[in-house]
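A short write-up of the structure that comes next.
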Amino acid sequence: MNTTDLKTTPLAMTGALTAACAVSGSLATDPKSAWYSGLDKPRWQPPGWLFPIVWTALYTDIAVTSAAAIKNLHDAGDQRRARDFQAALVVNLLLNQGWSWAFFRAHRLRPATVVAALLAASAIDLTRRAGATGRSRAIALAPYAAWCSFATILTAEIARRNPRD
1 MNTTDLKTTP LAMTGALTAA CAVSGSLATD PKSAWYSGLD KPRWQPPGWL
51 FPIVWTALYT DIAVTSAAAI KNLHDAGDQR RARDFQAALV VNLLLNQGWS
101 WAFFRAHRLR PATVVAALLA ASAIDLTRRA GATGRSRAIA LAPYAAWCSF
151 ATILTAEIAR RNPRD
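Going letter by letter, the sequence shown gives residues 1 to 165 in the numbering used here.
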């Protein structure tokens, strides 16, 4: 494998993983459904048009920053930590798309809150792992961890307002 392959392979892998997550989550999400429209949502929920903008930026950030962290670990000869980071990323993305399926498709607000909390913890862990390869990578992933934490609070509030589970 030449040097160019080492630079592009992590980004191709993280890009494919985040794209698959985005597609899966999108397939489950229907913000115009009668069910979602009928939910009692807090006034502080961001407007609907903001979500696709934020998620596009966050998915790009996850793919690029994770690729840089994995490449850094590979370049340092730390294959075990590179594999651990990849595994943590896969778990994170499974939780990420899992929230959409629990919330929008299954209409299970309390379980979706649990998934959101696990996702936030996973995003914080991913940020910590990325930060171990360079402070700038932790700073780059911090908005993702913050957004997932906010999403947990929002999901919990929607579940509280709509006690159907």
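By construction, the Cβ of each residue, glycine as well, lies at the ideal position given by its N, Cα and C atoms.
It should be emphasised that the depicted structure is a prediction, and the values quoted were computed from it without experimental measurement.
Item to check | C-alpha distance - R108 paired with A102, whole-angstrom precision | outcome: One C-alpha to the other measures close to 6 Å.
Checklist entry - Is it the case that the Cβ atoms of T14 and A67 are separated by a distance below 7 Å? => result Yes.
Item to check | Other residues of its chain near F150: CB distance less than 8 Å, five sequence neighbours each side excluded | outcome: Correct list: empty, nothing qualifies.
Checklist entry - How is the alpha helix (DSSP H) around S136 delimited, first residue to last? => result It spans 135-161 - the alpha helix (DSSP H) in which S136 sits, taken as one unbroken run.
Checklist entry - If P143 sits next to I70, beta carbons under 8 Å apart, how far is it from one beta carbon to the other, in whole angstroms? => result 20 Å between Cβ atoms; not a contact.
Checklist entry - In angstroms, rounded to a whole number, what distance separates the CA positions of G48 and P31? => result So the alpha carbons of these two residues sit roughly 8 Å apart.
Checklist entry - Does the beta-carbon of S122 have 16 or more other beta-carbons within 10 angstroms, so that it is buried, or is it exposed? => result Here S122 is buried, its C-beta having at least 16 other C-beta atoms within 10 Å.
Next on the checklist: In whole angstroms, give me the CA-to-CA distance for S202 and A112.
Outcome noted: Residue coverage of the chain in this structure runs from 1 to 165, which leaves residue 202 outside it and unanswerable.
Checklist entry - Should T56 be labelled buried (16 or more other beta-carbon atoms within 10 Å of its own) or exposed? => result The C-beta of T56 has fewer than 16 other C-beta atoms within 10 Å across all chains shown, which makes the residue exposed.
Item to check | Which listed residue (A117, Q97, A140, T133) has its alpha carbon closest to that of S26 | outcome: Ranking A117, Q97, A140, T133 by Cα distance to S26 puts Q97 first.
Next on the checklist: On the criterion of 16 or more Cβ atoms from any shown chain inside 10 Å, does L119 qualify as buried, or is it exposed?
Outcome noted: When all chains shown are included, L119 counts as buried.
Next on the checklist: Give me, in chain order, the residues of the same chain whose beta-carbon lies closer than 7 Å to that of L39; leave out the 5 immediate sequence neighbours on both sides.
Outcome noted: Cβ neighbours of L39 beyond the five flanking positions: I158, N162.
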